[in-house]
Amino acid sequence: MARYVTGKMRRKGLAFMAVQTPEKSTGASVSLGPAAALSCRECGERFPLGPIFACEACFGPLEIAYNLPTGDPEGLRKQIEAGPKNIWRYAPLLPVPADVASKPSTNPGYTQLVKADRLARELGVTGSLHIKDDSGNPTHSFKDRVVAIAVEAARAFGFTTLSCSSTGNLAGAVGAAAARAGFRSCVFIPHDLEQGKVVMAAVYGGELVGIEGNYDDVNRFCSELIGDPLGEGWGFVNVNLRPYYGEGSKTLAYEICEQLGWELPDQLVIPIASGSQLTKIDKGLKELIALGLVEDKPYRIFGAQAAGCSPVSRAFQEGHDVVRPVKPDTIAKSLAIGNPADGPYVLDIARRTGGAVDDVDDAQIVDAIKLLARTEGIFAETAGGVTVGVTRKLIEKGLLDPSLTTVVLNTGDGLKTLDAVAPTTGPTATIRPSLDAFRDAGLG
Ligand SMILES: *Cc1c(COP(=O)(O)O)cnc(C)c1O
1456 MARYVTGKMR RKGLAFMAVQ TPEKSTGASV SLGPAAALSC RECGERFPLG PIFACEACFG
1516 PLEIAYNLPT GDPEGLRKQI EAGPKNIWRY APLLPVPADV ASKPSTNPGY TQLVKADRLA
1576 RELGVTGSLH IKDDSGNPTH SFKDRVVAIA VEAARAFGFT TLSCSSTGNL AGAVGAAAAR
1636 AGFRSCVFIP HDLEQGKVVM AAVYGGELVG IEGNYDDVNR FCSELIGDPL GEGWGFVNVN
1696 LRPYYGEGSK TLAYEICEQL GWELPDQLVI PIASGSQLTK IDKGLKELIA LGLVEDKPYR
1756 IFGAQAAGCS PVSRAFQEGH DVVRPVKPDT IAKSLAIGNP ADGPYVLDIA RRTGGAVDDV
1816 DDAQIVDAIK LLARTEGIFA ETAGGVTVGV TRKLIEKGLL DPSLTTVVLN TGDGLKTLDA
1876 VAPTTGPTAT IRPSLDAFRD AGLG
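Per our numbering: the sequence shown = residues 1456 to 1899.
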């Protein structure tokens, strides 16, 4: 039994971070396509590929280091364009085995990039405005992307159970991917999520556990479970498989650029929960530049939060490097992480690229959901209300340039958060089935 725990971690009292893996993975070196090693984002120390997520030396987060296919950008572009219409077209840039497309997977990605001209007019955008609509994924949120990559890592490390701590969408994505790929699943959510999220997390037949607490409590619980024999052989997609999981978000960057004709957008507006997605989109854009797949030019990254859970936005406004945890209270439950692991990296990226981080309140989120629906026919979940609402606010503040090319992410489907809009949305009239009644209602 391999136990990925070191003396140093024990001395620091971090033994709970110990990760146990099944017999299968011990000794054998794991091959995950172009992934070369894990490397620490803080001190650069490198480790062999394994189900670990924190640096032994400094406890910084680990991420994947690659041997990327440089040298023939034209050939690589052709290979990608000939690939399947899902994230596996980017397999040469992901930590997955070369034959990944032939394995059972939910095959997420290649979602629509919608040119949003009517929304642009309402917002006073004179450049081009696009919605990257990830509600089109198999379980109707962007989380299918990250889970698909984590599943390949779980297979490689010999895990048989998939798990996660979730704000809702991740639980559904793990349930579906586990069912499809033949894993057992046991996922953890805060007990008070929207019905759409709960039902979706349960319907695929895995175990679903509601925890009496908020997401940060759920996450802490999962960290304890990982170090306990109870969690032996479990791959937690966003904990011990987090370095792999995170890479799934790069596919959003790849797709956006490919769909813009292999060009970088000028500005992106991205929602923040833990901040992983935002940091990995930046990583994906930098890779495309390094590989010569897009021409290098400046881009700005904007982060979006709900006012009721805005620790990163607050740190940005106040000019701090430290993100002070908050207790979430917002209808944007998918983004309700009070202590975001990647918060400081988000601040770095927003500042380095000339972007910003901002937030909108619950009423503004609902307004923005309806605005997007009535202008573009896209029904977003609350997270999409957050990005569209923040886009409007950033334009009003003069922080987002309306004359440039802007991509706004919608990361989930409005059908999962009906409660947010139901109180202010419904039939125009309810009438008897007669023309008189229709006329009397003032319609027609
Ligand atoms: C999880 C999630 C995000 C972003 O999460 P990060 O933890 O910041 O990567 C965004 N939108 C939706 C709908 C989500 O479920």
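Idealized CB from N, CA, C, for every residue including glycine.
Remember, it's a predicted structure, so these values are computed and weren't measured experimentally.
Consult DSSP for residue i and reduce its assignment to one of helix, strand or coil.
i       : result
Trp1717 : coil
Gly1881 : coil
Val1812 : strand
Arg1501 : strand
Asp1572 : helix
Glu1587 : Correcting the residue identity first, residue 1587 is Lys in this sequence and not Glu. Strand.
Pro1516 : strand
Cys1510 : coil
Asp1784 : coil
Ala1553 : coil
Ala1656 : helix
Glu1649 : coil
Ser1731 : helix
Arg1887 : coil
Lys1558 : coil
Leu1849 : helix
Phe1638 : coil
Glu1750 : coil
Gln1567 : coil
Leu1548 : helix
Arg1806 : helix
Val1778 : coil
Arg1894 : helix
Asp1797 : coil
Pro1539 : coil
Asp1856 : coil
Ser1678 : helix
Tell me whether the beta-carbon of residue i lies closer than 8 Å to the beta-carbon of residue j.
i       : j       : result
Ala1761 : Val1673 : no
Leu1926 : Leu1746 : With the chain covering 1456 to 1899 only, the question about residue 1926 has no answer from this structure.
Ser1789 : Ala1838 : yes
Ala1517 : Ile1850 : Residue identity check: residue 1517 is Leu in the sequence provided, not Ala. It is not a contact, given that the beta carbons lie outside the stated cut-off.
Val1812 : Val1876 : no
Asp1671 : Gly1793 : yes
Tyr1521 : Ile1535 : no
Glu1497 : Gly1515 : yes
Arg1639 : Thr1622 : no
Val1551 : Glu1511 : no
Leu1707 : Val1749 : no
Thr1561 : Pro1593 : yes
Pro1563 : Asp1599 : yes
Gly1798 : Val1778 : yes
Val1642 : Ser1618 : yes
Leu1715 : Ala1605 : no
Ile1651 : Leu1870 : Looking at the sequence itself, residue 1651 is Gly, so the reference to Ile does not match. Result yes, Cβ atoms of Gly1651 and Leu1870 sit closer than 8 Å.
Ile1804 : Ile1744 : no
Ala1770 : Leu1802 : yes
In the DSSP assignment, what are the bridge partners of residue i?
i       : result
Tyr1521 : Ala1490
Ile1725 : Gly1758
Phe1643 : Ser1620, Val1664
Gly1867 : Ser1596
Gly1690 : Leu1617
Cys1764 : Ala1761
Thr1861 : Leu1584, Gln1722
Ala1791 : None, per the DSSP bridge assignment.
Ala1835 : Asp1868
Cys1495 : Leu1517
Out of the options, point me to the one whose CA is closest to residue i's CA.
i       : options                            : result
Ala1823 : Glu1500, Val1569, Thr1846          : Thr1846
Val1569 : His1585, Leu1826, Pro1882, Glu1836 : His1585
His1595 : Leu1625, Val1580, Ile1604, Val1606 : Leu1625
Phe1597 : Gln1819, Thr1566, Thr1808, Arg1544 : Thr1566
Gly1637 : Asp1572, Ala1603, Thr1808          : Ala1603
Ser1590 : Lys1871, Ile1725, Thr1866          : Thr1866
Gln1722 : Ala1492, Asn1669, Gly1582          : Gly1582
Gly1505 : Leu1802, Glu1710, Ile1756, Ala1490 : Ala1490
Ile1736 : Val1781, Ile1833, Ser1494, Lys1705 : Lys1705
Asp1868 : Asp1895, Ile1833, Val1551          : Ile1833
Ala1631 : Pro1684, Pro1645, Val1653, Gly1661 : Gly1661
Pro1783 : Val1777, Ala1791, Asp1776          : Ala1791
Gly1853 : Val1580, Ile1727, Pro1539, Trp1689 : Val1580
Arg1501 : Gln1650, Phe1508, Leu1493          : Leu1493
Asn1693 : Gly1682, Ser1678, Asp1683          : Ser1678
Ile1644 : Ala1818, Pro1882, Asn1669          : Asn1669
Asn1541 : Ala1828, Tyr1709, Tyr1700, Tyr1699 : Tyr1709
Glu1836 : Glu1649, Leu1898, Trp1543          : Glu1649
For a test of your reading of the model: does the CB of residue i fall under 7 Å from any non-hydrogen atom of ligand 2? Yes or no.
i       : result
Gln1732 : Absent from the structure shown: ligand 2. Ligands present: ligand 1.
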